[in-house]
Amino acid sequence: MTEVDETALAGPREAFERFRDHLLAGTSAGLESFLADDGVVESPFAPPGAPRRIEGREAFAARAVPQREALLKRVRFTAVRDVVVHETADPRVAVVEYEVEAIREADGLRAAAPFAVVVEVRDGRVALWREYQNPAAMALLAAG
């Protein structure tokens, strides 16, 4: 009898859906579990001082999980909307456009920012997550 990996992803659409659910749940626990051991997370428009590329699940967990925990003390994500999934010729890859809405806990400021992400899933895990975001919009929410 073969063991079934309940956390394996069927493809990029499911990877995005789990990311969305995780974002709205307001937790940092387990975020790295979607990423392959050698998975890559890229943020081409990362703000100054932030890495544009993180290689490997362990490196991602060491960087992203504490960063997300700090953000979740100040910001609550309330919606992921206007999701459009663009399939590609490679069924392992999709481009997803979406908008994230959040509220800054300190003063109730509500803001939304558009995102686009290229997602590649191999062997049930995210091999590549290349996220394009508006760093100025995110910095506005994170401040305060």
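Counting the sequence shown from 1 gives a position; the working numbering is that position plus 13.
Every residue, glycine too, gets a C-beta built ideally from N, C-alpha and C.
Provide the residue span of the beta strand (DSSP E) that contains Leu141, from first to last.
Arg138 to Gln146
Could you check whether Ala150 and Ala125 sit closer than 9 Å to each other, using their CB atoms as the reference points?
yes
Can the beta-carbon of Ala77 be found less than 9 Å from the beta-carbon of Ser46?
no
Looking at C-beta atoms only, is the number of pairs between the region 51-61 and the region 106-116 that lie closer than 8 Å three or more?
no
Does the beta carbon of Glu55 come closer than 9 Å to any beta carbon on chain D?
No chain D appears in the structure shown, which is made up of a single protein chain.
Does the pairing of the region 122-136 with the region 98-112 give three or more beta-carbon distances under 8 Å?
yes
Following the continuous alpha helix (DSSP H) through Arg26, name the residue where it begins and the one where it ends.
Pro25 to Ala38
First and last residue of the uninterrupted beta strand (DSSP E) at Phe128:
Arg123 to Arg135
Tell me which residues share the same chain as Val54 and place their Cβ nearer than 6 Å to its Cβ, disregarding the 5 neighbours each side in the sequence.
Ile67, Phe73 and Trp142
I need the straight-line Cα distance from Arg26 to Ala152, nearest angstrom please.
27 Å
Which listed residue (Ala23, Arg117, Ala156 and Ala140) has its alpha carbon closest to that of Asp51
Ala140
With a threshold of 16 other CB atoms inside 10 Å of the CB of Arg138, please say whether the residue is buried or exposed.
buried
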